[in-house]
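Trainee: The sequence shown runs 11 to 405 under my numbering.
Backbone N, C-alpha and C fix where the C-beta goes; we use that ideal spot for every residue, glycine too.
The structure presented is a predicted model; accordingly, all values stated were derived computationally and were not measured.
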Amino acid sequence: MSGRLYHSQPHLKEFTAIVTVTDGDWVSLDSTAFYPGGGGQSADSGSIAGLPVTGMRNGDPPWHLIKGHSLKIGDVVEAALDWDRRWQLMRSHTGEHLLASTLKSIVPDIGIVKVDLRMDINSLYVNGDLKWSDLSKAQGLCNEIIASDIPVTVSLVSKDDPILDGVRIKRERIKGDAVRLVSIEGLDRVACAGVHVDSTGKIGAVLVDRLASGGGEGYMVINFSVGEAAVSSGLARGAVAAHAAHVLGAEVKDLPRSVSNLKNTADSRWQALKACNQRILDQLQPEDIGGVPVYCGSFSGLDRKTLNAKADQLRQGGICIMASIEDKLSLVVACDPIFDLDCQEVLGSALAECGGRGGGQSDFAAGGCQSPEAIDHVLAKCMEYVGNWVTSRDL
Ligand SMILES: [Zn+2]
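1) For ligand 1, any of its heavy atoms closer than 7 Å to the Cβ of His103?
2) Of the choices Asp92, Gly358 and Ile213, whose alpha-carbon is the least far from that of Glu106?
3) With a threshold of 7 Å, establish whether the CB of Cys202 neighbours any heavy atom of ligand 1.
4) Run through the segment 360-405 for me and flag every whole beta strand (DSSP E) of 3 or more residues, listed as ranges in chain order.
5) I want to check one thing, is the minimum distance from the CB of His107 to the heavy atoms of ligand 1 below 7 Å?
6) Return the residue from the list Ala360, Pro266 and Asp33 that minimises the CA-CA distance to Ser80.
7) Do Trp73 and Ser38 have their CB atoms nearer than 8 Å?
8) For ligand 1, I want to know if Gly49 counts as a neighbour, meaning its beta carbon is within less than 7 Å of at least one of the ligand's heavy atoms.
9) Let me check you understand the geometry: is the CB of Arg206 closer than 7 Å to at least one non-hydrogen atom of ligand 1?
10) Run the CB neighbour count on Asp264, radius 10 Å, all protein chains shown included, and call it buried at 16 or more, exposed below.
11) Rounded to whole angstroms, how far is the Cβ of Leu351 from the Cβ of Gly377, which I believe are closer than 8 Å?
12) Would you mind listing the beta strand (DSSP E) stretches within the segment 298-354 that are 3+ residues and don't spill past its ends, in chain order?
13) Using the three-state DSSP reduction, which class does Gln416 fall into: helix, strand or coil?
14) Would you please state the rounded distance, in angstroms, between the beta carbons of Ile155 and Leu99? I believe it to be under 8 Å.
15) Under DSSP, the alpha helix (DSSP H) around Ile116 begins and ends at which residues?
16) Report all residues from its chain with a CB closer than 8 Å to the CB of Gly228; omit the five preceding and five following residues, and keep chain order.
17) Using a 10 Å radius around the Cβ and a threshold of 16 neighbouring Cβ atoms, would you call Gly328 buried or exposed?
18) Can you find the residues in the same chain that come closer than 6 Å, C-beta to C-beta, to Val86, ignoring five residues on each side of it along the sequence?
19) Quick one: what's got a C-beta closer than 6 Å to Val231's C-beta in the same chain, skipping five residues either side?
20) State the Cα-Cα distance for the pair Thr112 and Leu283, rounded to the nearest angstrom.
21) What is the DSSP secondary structure of Met11, reduced to helix, strand or coil?
22) Report the rounded CA-to-CA distance for Leu245 versus Ile160, giving the unit in angstroms.
23) Considering Gly121, what are the terminal residues of the beta strand (DSSP E) in which it resides?
24) Can you tell me the Cα-Cα spacing of Asp119 and Val177, whole angstroms?
25) Using a Cβ-Cβ cutoff of less than 6 Å, which residues in the same chain neighbour Trp93 once the five nearest sequence positions on both sides are dropped?
26) On the premise that Asn153 lies in contact with Ala251, defined as a C-beta separation below 8 Å, what is that separation, rounded to the nearest angstrom?
27) Suppose you measure from the CA of Gly211 to the CA of Ile131; what does that come to, to the nearest Å?
28) At a cut-off of 7 Å, is Val192 close to ligand 1 when judged by its beta-carbon and the heavy atoms of the ligand?
29) Taking only the alpha-carbon atoms, compute the straight-line gap between Trp97 and Ala240 and give it to the nearest angstrom.
30) Restricting to runs no shorter than 3 residues, where is the beta strand (DSSP E) found entirely within the segment 172-209?
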């Protein structure tokens, strides 16, 4: 098809065309400026003959989804792209070329796996070892190249042209003999069938928003934004960074190191606290109440799973009451099934005064409340209940 106007005139917003084929809600034209999607770039939307184009299907020629249309072969139609959408996708796509290229220049071993450019989020999937500091460098280079407003050009070369040896290309996806080469002059060449802006300045800005693992495939995913979205997001993040630096009493440029130090300190203190809790747990001795061994202990930062596991172990032949505080209070009351003590009742009565609740069974109950300061009172209530139960048992 000669009428792929999205390639020959990527900045065309409106055009006139002739309907050449229809198939239900699908319509093809003798020429179209609607990009059908591909290479990671989402398809265009807009209107044809005043009706919304809500989907595109790749083909030769491409198909436009126009639900409920009554168009016939030979009809002359006026068409218009949703230009805001196309403009953003073109800028994102060219921004992706730039980001991938600068990343490769900084981390040569990195592999570009796939691209996903949408209106709400842009994702670049890579494999290899990638650090945030590398991404920051790449982002800086991207924005220098954007400021230099370097031309982005398109050329067609033969599939066997040696120029392709130094080009990012997925040869298995090339159909026919011609390869469409998109170049950021002097910097980058990629085989690509997508739609791009014609100079780097039109990207506006590139901002890396996030670096994360890309799911179960072992990739890393980079989310990025371009243009006004990048500028507004960058300003907002700058304000957040300045606020965080103020809270920490640090300079913004030192935030990564300060936060890393803080995290390391918190991690080592947490490990020390865990070790301390473990020692207390190991040394916990029962109190003999009327011949029944009763373990009672309070902890800081002991997780609920560990608390429950230890209670399950210590309740053999006796009773175990343990509480731990983090941001809230966790309580477990457990006894050997040989006793007729109702642990749910013990737990419920102790937590009632601080608005807490819990559940479980008569020999093992767990719950909590939002008042960590109530820990001593809650344990005292449990012990009082158990004391009364022992007394009534002896009667
Ligand atoms: Zn491209």
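Mentor: On the basis of the supplied data:
1) yes
2) Ile213
3) Yes - ligand 1 has a heavy atom lying nearer than 7 Å to the Cβ of Cys202.
4) 367-371 and 374-379
5) yes
6) Asp33
7) yes
8) yes
9) Position check: residue 206 holds His in this sequence, whereas Arg was assumed. At least one heavy atom of ligand 1 sits closer than 7 Å to the Cβ of His206.
10) exposed
11) By a beta-carbon distance limit of 8 Å, Leu351 does not contact Gly377. Their separation comes to about 16 Å.
12) 302-310, 329-335 and 339-345
13) Given that the chain is displayed from residue 11 to residue 405, the structure contains no residue 416 and the question cannot be resolved.
14) Under the criterion of beta carbons closer than 8 Å, Ile155 and Leu99 do not qualify as touching, at roughly 20 Å.
15) Where Ile116 is concerned, the enclosing alpha helix (DSSP H) stretches over Trp93 to Ile116.
16) Asn137
17) buried
18) Ile28
19) Ser133, Tyr135, Ala222 and Gly224
20) Spanning the two alpha carbons is a distance of roughly 45 Å.
21) With a pLDDT of 46 at Met11, under the threshold of 50, the modelled position of that residue is not reliable, and no figure is offered here.
22) One alpha carbon belongs to Leu245, the other to Ile160, and they sit about 25 Å apart.
23) Gly121 to Leu127
24) 15 Å
25) Lys23
26) Not quite, the Cβ-Cβ distance comes to about 17 Å (not below 8 Å), so this is no contact.
27) 21 Å
28) Relative to ligand 1, the nearest heavy atom lies less than 7 Å away from the CB of Val192.
29) 14 Å
30) List check, beta strand (DSSP E) in window: 188-194 and 198-201.
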